[in-house]
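Notes to accompany the following structure.
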Amino acid sequence: MNIKNNIFQGTCTALITPFDESNKVDIRLFEKQIDFQIDNGIDALLVLGTTGEPSTINDDEYTLITKTAVKHVAKRVPLLCGISSNNTAKAIQLSKTAQHCGVDALLITTPYYNKCTQNGIIAHFNAISNNVSLPIVAYNVPNRTSVNIDTNTAVLLSQIPNIVAIKEASSNLVQITDIIHKTDSDFCVYSGDDILALATMSIGAKGIISVISNAYPKTISQLTKACIENNYPLALDLHYKLLSLLHAMYIETNPIGIKTLMKIMRLDSGKLRLPLTPMEENNIQNLLYEYKILEKTIVC
5 MNIKNNIFQG
15 TCTALITPFD
25 ESNKVDIRLF
35 EKQIDFQIDN
45 GIDALLVLGT
55 TGEPSTINDD
65 EYTLITKTAV
75 KHVAKRVPLL
85 CGISSNNTAK
95 AIQLSKTAQH
105 CGVDALLITT
115 PYYNKCTQNG
125 IIAHFNAISN
135 NVSLPIVAYN
145 VPNRTSVNID
155 TNTAVLLSQI
165 PNIVAIKEAS
175 SNLVQITDII
185 HKTDSDFCVY
195 SGDDILALAT
205 MSIGAKGIIS
215 VISNAYPKTI
225 SQLTKACIEN
235 NYPLALDLHY
245 KLLSLLHAMY
255 IETNPIGIKT
265 LMKIMRLDSG
275 KLRLPLTPME
285 ENNIQNLLYE
295 YKILEKTIVC
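Right, here's the structure in full:
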């Protein structure tokens, strides 16, 4: 198989990491969430993405989470692992660990805080790709990293053999359109914004790496499959049913909203780790209100 083929098409859930009352990773809940996702038709899973609170995860926990996911997913769906570091050597170390654990692909975030140049972005990804053989998805999320992967940089990254895709969370539809237009057809673009899943797929993205699918895997899968099948009336209907809840969920920083929503829905989500704190009460009430409206019109 040409590694430029899709890692997945449709919906990949960026899994939360559940922490128990003693602030340890709750493996039982984690495995339960994996089964819930696969049983509800998700196309792929991502561990230790932004939603998984990777900046609070130590090296031993990183290995534990990754090994647990590989074993429990058991090749039922493709499994991606997030790599987030502004230290290229550390990113290489984490990438090697994930590859050794047996994941199917890596999602690598641009370096944060350092505010490197576009040349620095290319050098960072080149260094990682030279040290692993797994397919790599570049992750562009400038509102968190303060660095944007420009269109021309995305094109250059797409020419590195094992960089097969980009997760675009810039919210810039012009840029996303240009990346899709200027890269080869076997280079995949995935939406990194739940609210823009429909829009990005309508211009050629292959799917979404989703947060809200932690709570609504079946619904988000229906939306992305509708796009793939050019059934845009159904996709639009689902998009607008979810829209108000999505706005409420993102009032506070991810994953505060999704963990709160899962708690409302009595799905096991565990606790947040500092410096993230529980959602403010007025925001919880807003989220609860939108959830109750959605539940009258949709089946999760």
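Residue numbers for the sequence shown, in the numbering used here: 5 to 304.
Glycine is no exception: its CB is placed at the ideal position from the N, C-alpha and C atoms.
Measuring CA to CA, which of the options is closest to residue i?
{"i": "Thr17", "options": "Ile126, Asp24, Ile31, Asn44", "result": "Asn44"}
{"i": "Asn135", "options": "Ile96, Val168, Cys120, Ile180", "result": "Ile96"}
{"i": "Gln163", "options": "Val141, Ser273, Lys263", "result": "Val141"}
{"i": "Arg80", "options": "Gln103, Ala239, Asp39", "result": "Asp39"}
{"i": "Ala173", "options": "Leu111, Leu68, Leu242", "result": "Leu111"}
{"i": "Lys94", "options": "Phe129, Ile69, Lys71, Ser137", "result": "Phe129"}
{"i": "Phe23", "options": "Thr281, Lys275, Met283, Ser99", "result": "Lys275"}
{"i": "Thr257", "options": "Ala48, Cys105, Gly56, Ser26", "result": "Gly56"}
{"i": "Tyr116", "options": "Gln122, Gly53, Thr181, Thr149", "result": "Thr149"}
{"i": "Pro58", "options": "Pro259, Leu265, Met266", "result": "Pro259"}
{"i": "Thr92", "options": "His76, Lys75, Arg32, Ile132", "result": "Ile132"}
{"i": "Ser195", "options": "Ser189, Thr204, Asp188", "result": "Thr204"}
{"i": "Ile268", "options": "Met283, Cys120, Arg277", "result": "Met283"}
{"i": "Lys36", "options": "Asn144, Tyr143, Val77", "result": "Val77"}
{"i": "Asn339", "options": "Pro82, Lys75, Thr21", "result": "Lying outside 5 to 304, the shown extent of the chain, residue 339 is not represented and no answer is given."}
Straight-line CA distance for residue i to residue j?
{"i": "Leu249", "j": "Asn166", "result": "37 Å"}
{"i": "Tyr236", "j": "Gly208", "result": "13 Å"}
{"i": "Ser88", "j": "Phe191", "result": "22 Å"}
{"i": "Ser225", "j": "Ala127", "result": "35 Å"}
{"i": "Val215", "j": "Thr54", "result": "9 Å"}
{"i": "Lys245", "j": "Leu227", "result": "11 Å"}
{"i": "Ser273", "j": "Ala252", "result": "18 Å"}
{"i": "Leu160", "j": "Lys300", "result": "47 Å"}
{"i": "Arg270", "j": "Asn152", "result": "37 Å"}
Taking C-beta to C-beta, are residue i and residue j nearer than 8 Å?
{"i": "Ile255", "j": "Asn218", "result": "no"}
{"i": "Glu65", "j": "Val29", "result": "yes"}
{"i": "Gly211", "j": "Phe12", "result": "yes"}
{"i": "Thr15", "j": "Ile46", "result": "yes"}
{"i": "Thr223", "j": "Ile288", "result": "no"}
For the alpha helix (DSSP H) holding residue i, just list the boundary residues, first then last.
{"i": "Ser225", "result": "221-232"}
{"i": "Glu35", "result": "31-43"}
Between residue i and the ligand NAP, is there a pair consisting of the residue's CB and a ligand heavy atom that are separated by less than 7 Å?
{"i": "Gly211", "result": "In the structure on display, the ligand NAP does not appear, and there are no ligands present to speak of."}
Determine the extent of the beta strand (DSSP E) in which residue i is found, giving its start and end residues.
{"i": "Thr15", "result": "14-18"}
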